[in-house]
Every structure is written in structure tokens, then in C-alpha cells.
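*Asks:* What follows is a single structure, and I will ask about it in a moment.
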Amino acid sequence: MEKEKEKTTEAAAGPQVEELPKAVVRRVVKDKLSECSSIEGDIAIHKDALLAFAESARIFIHYLSATANDICKESKRQTISADDVFKALEEIEFPEFVAPLKVSLGEYRKKNLGKRKAAKEKEASKKKKTEESLAQNGDGESEQADADGNHEDDNANSGMLNNNGTE
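Our numbering puts the first residue of the sequence shown at 6, with every later residue one more than the last.
Shown next as C-alpha cells:
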């Protein structure tokens, strides 16, 4: 019982440490090592080495995001922008990452822009088809009202009656 209390207190006392997904870390490390190495085939990574990579990446991300957050707060803003991250990289003495990161971000934005345009066009096309089908069939609400025997004039006057049914 006492151990459970300690665990609960520890969890509530400090921020939760999030681990990076090991499969993602393993894939990134293997891809990078295969680029840098002349060894053909699968590269084995010891479990402790993978843990060290994951922990190093987690700490780097934490440090970079905290620095970017400080830059953002200095500018009296609440949302961290890509420029804040670029400035943070320079501030923590990793300026060599800025240029390739800007290139990757530009490519990502171009790719996403195409997807967003396609989604907007699809939505506009869908809306246009809906409007055309309503125009061909007439206004769906008035047709339904006529089928029920109700007329617009009757509906307009119905709001003028009091609880007794008199005007």
C-alpha cells in the first residue's frame, strides 16, 4: 500500500517522462548507419545502444523545445513557430542543422500544399454536385412541405396563435 502511494506521489510531483518509440529510433539509427557504413545487409544494434540513442534524442528534443519556448516567450507569443526552432538550434550551437532543416520544411510544405489544394477541390466539387442535385430536384424542404399538405403561408401564420388557438 505504501509503495503505491509513493508511485502516485512521484507521478503527480513531476512531469511525466515520455519515451520515444523504440521501433522508430531503431529504424532511424539503422537507416543512418547504413548510409554511413560500407557494410551490406542488416546492421545489429545492441539493446543498450538503442536505449542510449533513444534517451539522447529525448533529451535533445526536450532541450531544443525548451529553448524554442523561451525564444517564443521573449517575443510575447504563446505558439512556437518554425523560426523559433531555427533560432533555438543556433542558440544551442547546432547551426549546421538549420539549412538542411529549412530545406526539409520547404519540401514538406510544398507536398502538404498539394494535398490541401486537392482536398479543397474535392470538397468544392462535392458541394457543387450537392447544389446541382438540389437545383434539379427543386428545394427539398418546400417539396416535402407540399407533400405533407403544409403551405408556407400556413407555417407563417401558425406562430401568431396563442395557446388557446386564437390570434
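For each residue, glycine too, the CB sits at the ideal point set by N, CA and C.
Check whether the Cβ of K127 lies closer than 7 angstroms to any Cβ atom in chain B.
*Replies:* Absent from the structure: chain B. Only one protein chain is present.
*Asks:* How many angstroms separate the CA atom of M165 from the CA atom of S130?
*Replies:* Note that M165 has pLDDT 48, beneath the 50 cutoff, so the model's placement of it is unreliable and the number below is only indicative. Going by the C-alpha atoms only, they are around 42 angstroms apart.
*Asks:* Take the Cβ of D89 as the centre, count every other Cβ of all protein chains shown within 10 Å, and call the residue buried at 16 or more, exposed below.
*Replies:* Classification of D89: buried, given that the 10 Å Cβ count is 16 or more.
*Asks:* Count Cβ pairs between the segment 93–113 and the segment 69–78 that sit closer than 8 angstroms; are there 3 or more?
*Replies:* Yes, since at least three Cβ pairs between the segment 93–113 and the segment 69–78 fall closer than 8 angstroms, the two stretches touch.
*Asks:* Which word fits C41, buried or exposed, when buried means at least 16 other C-beta atoms lie within 10 angstroms of its C-beta?
*Replies:* Flag for C41 reads exposed.
*Asks:* Here's a check: name, in chain order, each residue in its chain whose Cβ is nearer than 8 angstroms to the Cβ of G145, leaving out the five neighbours to either side.
*Replies:* Interpretation of G145 is limited by its pLDDT of 49, a score under 50 that renders its predicted location unreliable; the figure taken from the coordinates is listed afterwards. L139, listed in sequence order.
*Asks:* What is the residue span of the alpha helix (DSSP H) that F91 lies within?
*Replies:* Note, F91: alpha helix (DSSP H), 87–96.
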